[in-house]
Structure formats: structure tokens, C-alpha cells
Amino acid sequence: MKRSMIILLTLVFTMAFIGTAFAANPFIDVPPGHWSYSAVSKLAADGIIDGEDGGMFKGDRTLTRYEFAQVVARAMAKEEKANAEEKALIKKLADEYKAELEGLGVRVKMLEDKTHKIEIDGSTYFRYNSKDVNDDTYSNTDLKDVDIDLNYTYNVGQGWVVKMESEYKRLINDPTDGNAPVMNTLAEQLYSCGPMGIGQFIYGRHDFVPGYGLTYNDTVSGGQYSFGNRVRTTINWGHTNTEAEIRAVDVAIAAGNKTNIRADYQSIENIETYSGRDKYYGIGFDAGLGRDIVLKAAVSESDILGATTKEKAYMTQIQYGAADKNVEQSKDFFAGYSKIPKSVGYDERAKSDDYSYDFKGMRVGFDYVPMKNILFTVWYMNGKTISTEADLNIYRVQARMYF
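Counting in the working numbering, the sequence shown runs without a single skipped number right up to 403 at its last residue.
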């Protein structure tokens, strides 16, 4: 085993044994390093707990056990909106602050009764893509496909879950191609996840999107450890789908109530040759401008073995509103510009889903929720391929249903 791996595992398992015993006094402060902060931070990020407008938890001060109990009580009140992983986390918090919750008159048993061992959810979509390419000769490709994405969650207990995702796709206008193995991804994700020490630990095959997804937006087979509140650090180590070795660090900083800054680094090496590592760096931000506007921007740079220059990828997007599948009639409008050369976007498969790989140009569109659990999306892209300078026009119409 490599020395770097030994050091990393030693760090993780050392953190696992870090803990603090609390006195029975409900007004004593919970130390900043306690796992409750990261748990509540995750629930706030997922929208289960209000962390901004009038919410008690803002991530910038310590809370007493009594204050934590109030936060947990609010989370329990929204338990119906939580997924299986979030429900397990709420239950662990409820167990930790059971005495304080009882002092508030909150029954913890109602949560226990609603937590099922096995839960299934997912979505299905119907999609139409039209792609026009003009590089002295004109070509058009129309794709119509249907997809179903299934998520399985087994609640182990104490906040730990085992999750699996399987996805199936069929091309309506080319059924034979739609039956290809690549269209059937059994156990696309398969991992265990739960609280460990001062953070959250994942092991298995899981999604990995560092920064704002300019360089990597795919799965990793290996481990992931996340910790921190206002400064959230995520460490990844494992292998890519091409069996290359990957080491990565992502840091997310809550710079304000509506502003976040993210920086990321990935180091990837071919395990067949071990000839050296390709490196990717990125930084970006997203900020709320007023009540309904969000501005996002990011830039990444690649340092590829044998390359004479370091290429950059960048994107910027402004969005008005926020479509929420749980809120009927909610909607948003967005417009942005991106440039992602092949040498900066590591995973072509993931980038090809929205055609942003090897593309420079603009995209405009909107999302709309006509009724709960149905999301309607339309967008248009106009620009050029970076490698060939061919004119590119792409249209998408999609309806996704959640269950």
C-alpha cells in the first residue's frame, strides 16, 4: 500500500474516534468540531432546514444543545420532504438530542415509526434533442429517448445507509442502438454512506462533481470524506471509469448568506503506465443578487503530460427564479456562456450529455413545474466546436417525472 494512502486512511480513521461527551445541561455549547454541525449544515443545504431567512442555524457560531434541539424539531416537522439519507440523518440527530426534544414536547418515536429500512425513488424522462452541425457540409441529428433512473436506499442505522442507482435508456427512433449495453447501467452507483468522526464518509462507486463540473462530472470508485461547516472540504481517492487513479480535493466556502466560493484540484494517472499525472485546477463562485437572481462563474485549467500549453475552460450563467419539483407553478430562466476544450474536460461521456464538451458558445432556456413532481425543461445552444470550428445549434425539450 502506498505511503500516501496509509497517511490518508490513518487521518480518516483517527477522525472516526474523535468525539466529545456532553453534560446533561441543555444550555452548554456544543463544541464546533461535533458532527451535529456538519449534519445540520447538510440538511440546511438540502432545504430541510432554513439556514438563512430567520433560521437559527447560520453556521457562523456555536449552538447550545437546547438550540440544536429546536433546529432538529424543525427538521422533524419537514421530515416528509426528506429523502432516505436525510431521514436517517434527522433520526440520528433526534437520538442525540432526545432529552432536549422531550423537554420541548417533541415525540422522537414518530420519526422512528416513519423510517423504513428499504426505500425506492427515482425519475423518468422523455427527451428530444436536435443537433445541427455545419462545417462546410450540413448535417442534422434528431434523438428521441426515454430514460428511467432508480435509486435504492437501505437504512442500516445510526445515520448509515447503503445506496444503489441503476439507469435504463432506450432510443425511440433507433431501438436497436438503444438496446446496447451502455444504455443499461446496473449499479451505476453503489456505495455506503454515513457519519464518521467530524464528517461524512462514503465508500464505493459514487458520483463526483468537483467545483462546478468543468473538468469532471462522473463516478469514482473509491472513498470520499467530507468535513466542515462554513468551509466544507471533500477529499476523494479511487479510480475513474477508465481505471485511472484519481486523487482530488474540493473546498467550498460559505462567504455569505447567498455567496459561495469553490476551489478544486484533481490529479489523475494511468495505472497501466504510471508515466505521470495529469492535473486539473478550478475555482468559481455562485452568488444571489437580490431575491430571485443567481450569478455563477467558474474557470478551470489543465496541466497535461506532454502538452506544450495549459488550456483553460470557463463558464458563466445567470438565472432568474428557481424551479422546484415540489412547488407547483415554480419556474426559472437561465442564460450562460461556456468554453470547455477537450483537454480540460476529463470525462467526455458525462459532458456529452448536455453537449458542453468541446463547445464554446451560449445556452438559454427555462425550467417549469406544471404540477408537483413534473419538471419541464427547454434550452437552446448556439456556438462552435472548439476542435473543428464547426457551427453548432442544439435544441432540447424534456419532461421529467419524479416518484
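For glycine and all other residues, C-beta sits at the position ideal for the given N, C-alpha and C.
Helix, strand or coil for residue i per DSSP?
{"i": "residue 214", "result": "coil"}
{"i": "residue 19", "result": "Bear in mind that a pLDDT of 36 at residue 19, under 50, signals an unreliable position, so the number given afterwards is only what the model happens to contain. If DSSP states are grouped into helix, strand and coil, residue 19 belongs with coil."}
{"i": "residue 388", "result": "coil"}
{"i": "residue 72", "result": "helix"}
{"i": "residue 63", "result": "coil"}
{"i": "residue 101", "result": "helix"}
{"i": "residue 81", "result": "helix"}
{"i": "residue 331", "result": "strand"}
{"i": "residue 209", "result": "coil"}
{"i": "residue 37", "result": "helix"}
{"i": "residue 56", "result": "Note on residue 56: pLDDT 49, under 50, position unreliable in the model; the coordinate value appears next. If DSSP states are grouped into helix, strand and coil, residue 56 belongs with coil."}
{"i": "residue 44", "result": "helix"}
{"i": "residue 204", "result": "strand"}
{"i": "residue 195", "result": "strand"}
{"i": "residue 394", "result": "strand"}
{"i": "residue 345", "result": "coil"}
{"i": "residue 350", "result": "For residue 350, the pLDDT reaches just 45, beneath the cut-off of 50, and the residue's location in the model is therefore unreliable, although a value from the coordinates is still provided. It is helical."}
{"i": "residue 185", "result": "strand"}
{"i": "residue 248", "result": "strand"}
{"i": "residue 174", "result": "coil"}
{"i": "residue 356", "result": "coil"}
{"i": "residue 49", "result": "coil"}
{"i": "residue 24", "result": "Low confidence applies here, because residue 24 scores a pLDDT of 43, under 50, leaving its location unreliable; read the following figure in that light. Note: residue 24 maps to coil in three-state DSSP."}
{"i": "residue 309", "result": "coil"}
Taking the DSSP output, what are the residues bridged to residue i?
{"i": "residue 371", "result": "374"}
{"i": "residue 260", "result": "254, 286"}
{"i": "residue 126", "result": "146, 399"}
{"i": "residue 134", "result": "138, 391"}
{"i": "residue 382", "result": "362, 393"}
{"i": "residue 220", "result": "206"}
{"i": "residue 269", "result": "245, 277"}
{"i": "residue 29", "result": "64"}
{"i": "residue 336", "result": "317, 363"}
What first and last residue would you give for the beta strand (DSSP E) that runs through residue i?
{"i": "residue 139", "result": "138-157"}
{"i": "residue 163", "result": "160-171"}
{"i": "residue 117", "result": "Note, residue 117: premise wrong, no beta strand (DSSP E); not H, not E."}
{"i": "residue 301", "result": "293-303"}
{"i": "residue 456", "result": "Within the shown structure, residues of the chain are numbered from 1 to 403, placing residue 456 beyond reach of any answer."}
{"i": "residue 313", "result": "312-321"}
Write down the C-beta distance between residue i and residue j rounded to the nearest angstrom, noting that I regard them as a contact closer than 8 Å.
{"i": "residue 396", "j": "residue 170", "result": "Rounded, the Cβ-Cβ distance is 17 Å, inconsistent with contact."}
{"i": "residue 261", "j": "residue 245", "result": "Actually they do not touch by this definition, with Cβ atoms about 28 Å apart."}
{"i": "residue 211", "j": "residue 191", "result": "Residue 211 to residue 191, Cβ: 21 Å. No contact."}
{"i": "residue 405", "j": "residue 158", "result": "No information on residue 405 is available, as it lies outside the stretch 1 to 403 that the chain covers here."}
{"i": "residue 215", "j": "residue 355", "result": "Not a contact, Cβ separation roughly 17 Å."}
{"i": "residue 250", "j": "residue 234", "result": "4 Å"}
{"i": "residue 319", "j": "residue 299", "result": "No, residue 319 and residue 299 are not in contact; Cβ-Cβ is about 19 Å, not under 8 Å."}
Would a C-beta distance cut-off of 8 Å place residue i and residue j closer than the cut-off?
{"i": "residue 121", "j": "residue 403", "result": "yes"}
{"i": "residue 237", "j": "residue 228", "result": "no"}
{"i": "residue 313", "j": "residue 283", "result": "no"}
{"i": "residue 302", "j": "residue 278", "result": "yes"}
{"i": "residue 373", "j": "residue 401", "result": "yes"}
{"i": "residue 359", "j": "residue 338", "result": "yes"}
{"i": "residue 86", "j": "residue 43", "result": "yes"}
{"i": "residue 311", "j": "residue 364", "result": "no"}
{"i": "residue 131", "j": "residue 394", "result": "yes"}
{"i": "residue 331", "j": "residue 317", "result": "no"}
{"i": "residue 96", "j": "residue 66", "result": "no"}
{"i": "residue 142", "j": "residue 167", "result": "no"}
{"i": "residue 30", "j": "residue 36", "result": "yes"}
{"i": "residue 254", "j": "residue 291", "result": "no"}
{"i": "residue 75", "j": "residue 48", "result": "yes"}
{"i": "residue 325", "j": "residue 369", "result": "yes"}
{"i": "residue 258", "j": "residue 288", "result": "yes"}
{"i": "residue 248", "j": "residue 232", "result": "no"}
{"i": "residue 172", "j": "residue 145", "result": "yes"}
{"i": "residue 323", "j": "residue 133", "result": "no"}
Assuming residue i is part of the alpha helix (DSSP H), what are its boundary residues?
{"i": "residue 87", "result": "84-96"}
Please tell me whether, using a cut-off of 7 Å, the distance from the CB of residue i to the nearest non-hydrogen atom of the ligand MG is below it.
{"i": "residue 332", "result": "No copy of the ligand MG appears in this structure; indeed no ligand is present at all."}
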